[in-house]
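Its first residue numbered 162, the first sequence is counted upward by one per residue in our numbering. Don't be surprised by glycine CBs; every beta carbon is placed ideally from N, CA and C.
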Amino acid sequence: MHIRGTVAGEVEVRSVSTSYGESELAEVPLLLAAEDDGERPPTRTFARDGDGAVSDPTSDYETTTVTLWNKWAESADYLEPGLEVLVTDAKEETYQGETQYATTGDSYVVVEPSFLVNVTAIRNWVQCPRLYYLNKLSGVPLNYPVVKGTLVHEVFGDLLRGRDLEESIDARVDERGLELGLLGETPEAVAEEVRENAKAIEGWLEQGRLTEEDSWRSEQLLISETFGLRGRADAIRRGAPVELKTGKNLKKEPRFKDKVQAACYALLLEEHGGDVDLGTLLYTKNSALDRNEETGDLTPAKEFTMGDGLLKFVVRQRNELAAMEISGDVPTGYEGSAKCEYCFEQDTCMVVSGRLDQESKAGQIATPLPEEEREYFYRFYQAIEEERREVHREYAKLWEQDAQERADDDRALIDLKFVEKRPLEGGRWELRARRTSSANSKIREGDFVLASDGHPVRGNSELATIERLDDEVVLTADEPVEVTRLDVYPSELTTDRLLVAMHDALLKGDERRKDILFGRATAEFDEISETFIDNNAAQNEAVTKAVGARDCALIHGPPGTGKTYTIARAIRAMVERGERVLLSAFTNRAVDNALEALLEQLEDGVGSQTQRSGDGKAVSVVRVGSESGIREDMEPYRLERAGDPEDRVAELQNAQVVAATTATCGSRVMKEQAFDVALVDEAAQLTEPGTCAAINLAERFVLVGDHEQLPPVVRAENDLTESLFERLIDCHPEAGVMLDRQYRMNQRIQAFASQEFYDGELRPAEPEVAGRTLDDLAGVSTDALPPELQDPVAFVDVEGDGGQYTDSEEAARIADLIATYERAGLERSEIGVIAPFRAQVSEIASHVPDDVTVDTVDRFQGSSQEVIIVSFTATGSLEGPIFEDYRRINVALTRPKRALVLVGDPAALASDPVYERMLEWART
DNA sequence: TCTCTGCCGAGAGGA
């Protein structure tokens, strides 16, 4: 039976004499819960909250002792109270009348099984725990061996799927044009080298075909809920893992870390019903010239038998890694037996140790960072790792939640009916399924998802790209899966990049930059006499500061104040001065909006320049990002990654303006780029490390945003919730400018937000704005509206149905209001409805016509409408965290141009002072 | 059950 529980106290380790000799044992007090539903293997579980504390240790729970024998006793060192432990194939014993458990010869002990560890992470960890840590901190830089290795793997996969070798090489090399260009490689030379490696693979494949019909499967993503492992095996041949290595290995035996990697895949396969005792490592750089002296063997393949001992060793290593990650400790390198003098990362290791004043086996060089910087590092390291644990929790939900729960959570589409699988050129597959309901989910076109025939972890599943998602789902994948279900596949990519950005800012960052970030120096500016914007003093000052900033400028742009225009004008001025500019923001949408404004601005700019100097040179602009993320009309500016390396790299390198999300700024390709200025829009929605990803690439930076609107989205409550923008606005008032003229709202609409959030400083830019009403719109007459809707701000009293997250009475009333506006001549597309909860958004959407935009506050940020109707969805009181953040109400109230209607229960709203003031304002 | 976007996925190698 499997035993699962939390460590409930101190672990006792001792030696005992047995009939087999001296044995180690560890006695672990464990808190168990009742048997679960029996769907899974007989496992005893317990309930625990996020901090590892048992949430309700009542009579449902029982404490017992699990004895871990011999090697498993080693794990006792890090079995802190609160850690979760799973013991497979345990035996039950009775001791002094109490039931206890112990490991058997077949047992595995898994620490924190819900913490999914990557196979490659274990490989690094086995090599040296500190190497694992360093890789995490600084990422893998762009270098040729890595790119070549990736290429050979891709070609290998293609060969297994039956693709022609030359066709595969051509296509794969072409796809990596940009990277190869940055590395200064020619396609011919790379293709030749890949061909060399591929020959070794082909030769070996031929051998296999001569002997018997092999059964192959390429690149399968495997997840183990028992061992807490995930990884993607290069190939599986007759049920056993095959790992490809493009490095050289002339020894008889495979390298140990490679064996470890194969052993991880064996464990994964075992959970999926396999019985693996053989692993193959394919060293493709080994050629006929490297004939094995002993055996005379020409093959690059090295087979080895996978003993029980190796598999258990691997699990213990995984445990050690998981325990360290949970505790937040920093590895020193003493945990392993690697020799520092052979290590490629020795220098990096010593510098990191020195700068962060960490203990390390390699020793320290360089002087430590100032204490406040080290404190910052550890604070943000913790915060980012907390985010990572939240991502891990998302993975765990793949098996902890049942299908319906995941669908209700919008994380899965479970209603699919498989239609067909069709082979594509190049050996990949197109999969089609029909949707049988209109259930919504966060899955969208272009996403990477787990496509399965029933269960994302236990069933047959494959990573797939969503090509189309309407009544039918069209996917592409490496292998054919009879898909009936799609699950969101969580990714650690963002957290990885945050960590690297923070590391780079502190350890590679320029001293002056850090003085600014830590408030140790005052921001300086060049004198600029040019006038950039005639009729708006604040905007002109903002552009002047942005252009003249030697360190940074901070532009505070409340709703409707033309920050996008200001950004565009500033970039144009920078470009005209010959500077190279990075334009970034957190979301693709924000990047595209800013880019659109810039393109308009540049058209004007080039025109006027032509008039002035006769030099009408076009400015080259490039948008970096994935096809699915970039808005269609910006597609012509998208940097294509595939193609001739020289051309690709020239396009990027010569671009005067590069636009990309902050996440993309952390990519290997973007990290190779350098800019004079980084301009970050919607900076108040970015975490500090997120902002660093962009500003790390530039000499100076300009942040544009509004910290009175919504903060960054983070999973865990921690230091990431405050933006760098907000912090710098406080500590560098000399660098800040607030845009104080708004071009959006009627004066009456703007009054409350201005008073409440902007100290009354926000004003209409022009009389036309202040006095705008629905009457300005063609065919609309305010007189046709009932008296209560004739004022630009109206309150509609609806008592509500008392529902927690929905209110059908409000929804019905809103449908009436929309009909009323329509009768007065408004187009449906001119009306927007905002609700706090997604459930209420769906409720309202089911009451109103399709062409009325209904969405949550969060998703309305950044856009505006002629008429906005707000559904408060609260009866009696304003309970719930969503109402606590007043920035959300600021966003909702500042979306309309000409009319705002608040719908809700006055009694509920009056229960909070801010909402009460809002009520007064709306009713007068 | 509060709100939620990114990312070409993971992994590719060097003695």
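(1) Can A557 and S275 be called in contact, C-beta distance under 8 Å?
(2) Roughly how many whole angstroms lie between the Cα atoms of V162 and Y262?
(3) Secondary structure at K297, three-state DSSP: helix, strand or coil?
(4) Which parts of the stretch 615 to 668 are runs of the alpha helix (DSSP H), unbroken and 4 residues or longer, counting only runs that do not cross its ends?
(5) Could you name the residues of the same chain whose beta carbon sits closer than 7 Å to that of A1068, not counting the 5 residues immediately before and after it, in chain order?
(6) So, with DSSP's three-state summary, where would you put E1040?
(7) Would you report the Cα separation of G775 and Q762, rounded to the nearest angstrom?
(8) Rounded to whole angstroms, what is the Cα-Cα separation between L1039 and V227?
(9) Are the beta-carbon atoms belonging to R589 and A523 less than 8 Å from one another?
(10) Going by beta carbon distance, what residues of the same chain come within less than 8 Å of R391, once the five residues before and after it are set aside?
(11) Taking only three categories from DSSP, how would you classify E196?
(12) Along the chain, where does the alpha helix (DSSP H) that runs through H717 open and close?
(13) Quick check on the DSSP output: what are the complete beta strand (DSSP E) runs of length 3 or more inside the stretch 337 to 395, in order along the chain?
(14) Rounded C-beta distance between L574 and R629? I'm assuming under 8 Å.
(15) Quick one: what does DSSP say H433 is sitting in, helix, strand or coil?
(16) Go ahead and label K706 buried or exposed: buried means 16 or more other beta carbons lie within 10 angstroms of its beta carbon, across all protein chains shown.
(17) Name the two residues that bound the continuous beta strand (DSSP E) containing L592.
(18) Which one of V863, M511, R356, E922 has the shortest CA to CA distance from R291?
(19) Can you tell me where the alpha helix (DSSP H) holding Y539 begins and where it ends?
(20) Beta-carbon within less than 6 Å of R201's beta-carbon, same chain only, minus the 5 sequence neighbours each way: which residues are those?
(21) With a cut-off of 8 Å, do at least 3 Cβ pairs link the stretch 860 to 872 to the stretch 884 to 894?
(22) Taking the C-alpha atoms as reference points, what is the distance between E196 and G166?
(23) What does a CB cutoff of less than 8 Å around L585 pick up in its chain, not counting 5 residues either side in sequence?
(24) Would T441 be called buried (16 or more neighbouring beta carbons within 10 Å of its own) or exposed?
(25) Count the other C-beta atoms from every protein chain shown that fall within 10 angstroms of the C-beta of S652, then say buried if there are 16 or more, exposed otherwise.
(26) So, for Q817: in the same chain, excluding its five sequence neighbours on each side, which residues have a beta-carbon less than 6 Å away from its beta-carbon?
(27) Taking V838 as the reference, which of V785, Q916, I732, F747 has the closest Cα?
(28) Pop quiz: L987 and I1030 are said to be a contact at Cβ under 8 Å. What is the actual Cβ separation, rounded to whole angstroms?
(29) What did DSSP end up calling S1141 once you bin it into helix, strand or coil?
(30) Can the beta-carbon of V246 be found less than 8 Å from the beta-carbon of V189?
(31) Once you ignore the five residues that flank A931 on each side, which residues in its own chain have a CB closer than 6 Å to its CB?
(32) Would you kindly work out how many angstroms separate the C-alpha atoms of P948 and I791, rounded to a whole number?
(33) Pop quiz: R540 and P720 are said to be a contact at Cβ under 8 Å. What is the actual Cβ separation, rounded to whole angstroms?
(34) Runs of 4 residues minimum, wholly inside the stretch 855 to 936: which ones carry the alpha helix (DSSP H) assignment?
(35) Following the continuous alpha helix (DSSP H) through E983, name the residue where it begins and the one where it ends.
(36) Determine the direct distance from the alpha carbon of L938 to that of Q814, and round the result to whole angstroms.
Taking the structure as given:
(1) Reading the first sequence from its first residue, position 396 is the one you call residue 557. Reading the first sequence from its first residue, position 114 is the one you call residue 275. Result yes, Cβ atoms of A557 and S275 sit closer than 8 Å.
(2) For the purposes of this step, residue 162 is taken as the residue at position 1 of the first sequence. For the purposes of this step, residue 262 is taken as the residue at position 101 of the first sequence. Note on identity: in this sequence residue 162 is Met, with Val being the wrong assignment. M162 and Y262: Cα-Cα distance of roughly 10 Å.
(3) As a working mapping, residue 297 is identified with position 136 in the first sequence. Helix, per DSSP.
(4) Counting only runs that start and end inside the stretch 615 to 668, the alpha helix (DSSP H) elements of at least 4 residues fall at 654 to 664.
(5) Start at 1 with the first residue of the first sequence, and residue 1068 comes out as number 907. Closer than 7 Å at Cβ, skipping near neighbours: G1037.
(6) Locating residue 1040 in the first sequence gives position 879, where the first residue counts as 1. DSSP places E1040 in coil when its eight states are reduced to three.
(7) Counting from 1 along the first sequence, the entry for residue 775 is found at position 614. Counting from 1 along the first sequence, the entry for residue 762 is found at position 601. With a pLDDT of 36 at G775, under the threshold of 50, the modelled position of that residue is not reliable, and no figure is offered here.
(8) Counted from its first residue, the first sequence places residue 1039 at position 878. Counted from its first residue, the first sequence places residue 227 at position 66. Those two C-alpha atoms are separated by around 48 Å.
(9) Position 428 of the first sequence holds residue 589. Position 362 of the first sequence holds residue 523. In this structure, A523 does not lie closer than 8 Å to R589 by Cβ.
(10) Counting from one through the first sequence, the residue named residue 391 turns up at place 230. Counting only Cβ-Cβ distances below 8 Å, and skipping sequence neighbours, we find L277, V278, N279, V280, L382, L383, I384, S385, L429, Y556.
(11) Taking the first sequence and counting its residues from 1, one reaches residue 196 at position 35. Low per-residue confidence applies at E196: pLDDT is 47, beneath 50, and the placement is therefore not dependable, though the value from the model is reported in the following sentence. Strand.
(12) Taking the first sequence and counting its residues from 1, the one referred to as residue 717 is at position 556. First-last for H717: 713 to 717, but that is the beta strand (DSSP E), not the alpha helix (DSSP H).
(13) List check, beta strand (DSSP E) in window: 377 to 385.
(14) Start at 1 with the first residue of the first sequence, and residue 574 comes out as number 413. Start at 1 with the first residue of the first sequence, and residue 629 comes out as number 468. Beta-carbon to beta-carbon, L574 and R629 are separated by about 13 Å, too far to satisfy the 8 Å threshold.
(15) The count along the first sequence starts at 1 and reaches residue 433 at position 272. H433 sits in coil when the DSSP states are folded into three classes, being neither helix nor strand.
(16) As a first step, residue 706 must be located in the first sequence, where it is residue number 545. Residue environment analysis places K706 among the buried positions, since at least 16 neighbouring C-beta atoms fall within 10 angstroms of its C-beta.
(17) Stepping through the first sequence from its first residue, residue 592 is reached at position 431. Going by DSSP, L592 is part of the beta strand (DSSP E) stretching over 590 to 596.
(18) Position 130 of the first sequence, counted from the first residue, corresponds to residue 291. Ranking the options by Cα distance to R291, first place goes to M511.
(19) What you label residue 539 is simply residue 378 of the first sequence in a count that begins at 1. 532 to 561 is the span of the alpha helix (DSSP H), which, as asked, contains Y539.
(20) For the purposes of this step, residue 201 is taken as the residue at position 40 of the first sequence. Note on R201: pLDDT 36, under 50, position unreliable in the model; no value is reported.
(21) Because the criterion of three Cβ pairs below 8 Å is met, the stretch 860 to 872 and the stretch 884 to 894 touch.
(22) Numbered from its first residue, the first sequence carries residue 196 at position 35. Numbered from its first residue, the first sequence carries residue 166 at position 5. Only weak support exists for where E196 lies, its pLDDT of 47 falling under 50; the value from the coordinates is given anyway. Near 11 Å, if we compare the C-alpha coordinates of G166 and E196.
(23) Position 424 of the first sequence, counted from the first residue, corresponds to residue 585. Answer for L585: E591, T637, listed in chain order.
(24) Position 280 of the first sequence holds residue 441. Under this definition T441 is a buried residue.
(25) Here residue 652 is taken as the residue at index 491 of the first sequence, counted from 1. Note on S652: under 16 other CB atoms within 10 angstroms of its CB, so exposed under the neighbour-count rule.
(26) As a working mapping, residue 817 is identified with position 656 in the first sequence. Result list for Q817: V736, R741, V780, S781, in chain order.
(27) Stepping through the first sequence from its first residue, residue 838 is reached at position 677. For V838, the closest C-alpha among the options V785, Q916, I732, F747 is that of I732.
(28) Walking along the first sequence from the start, residue 987 turns up at place 826. Walking along the first sequence from the start, residue 1030 turns up at place 869. About 12 Å separates the two Cβ atoms, so there is no contact after all.
(29) In this structure the chain extends from 162 to 1085, so residue 1141 is not present and cannot be described.
(30) Locating residue 246 in the first sequence gives position 85, where the first residue counts as 1. Locating residue 189 in the first sequence gives position 28, where the first residue counts as 1. Contact flag set, yes.
(31) Residue 931 sits at position 770 when you count from the first residue of the first sequence. Here the set comprises Q908, P925.
(32) Within the first sequence, residue 948 is the residue found at index 787, counting from 1. Within the first sequence, residue 791 is the residue found at index 630, counting from 1. Cα to Cα, P948 sits roughly 45 Å from I791.
(33) By one-based count along the first sequence, residue 540 stands at place 379. By one-based count along the first sequence, residue 720 stands at place 559. Actually they are not in contact, since the Cβ atoms of R540 and P720 sit about 32 Å apart, beyond 8 Å.
(34) Unbroken alpha helix (DSSP H) runs of no fewer than 4 residues, entirely contained in the stretch 855 to 936, are found at 885 to 892, 908 to 918, 928 to 931, following chain order.
(35) For the purposes of this step, residue 983 is taken as residue 822 along the first sequence, with counting starting at 1. Residues 969 to 984.
(36) Translated into positions along the first sequence, residue 814 becomes position 653. Translated into positions along the first sequence, residue 938 becomes position 777. Going from the Cα of Q814 to the Cα of L938 covers about 47 Å.
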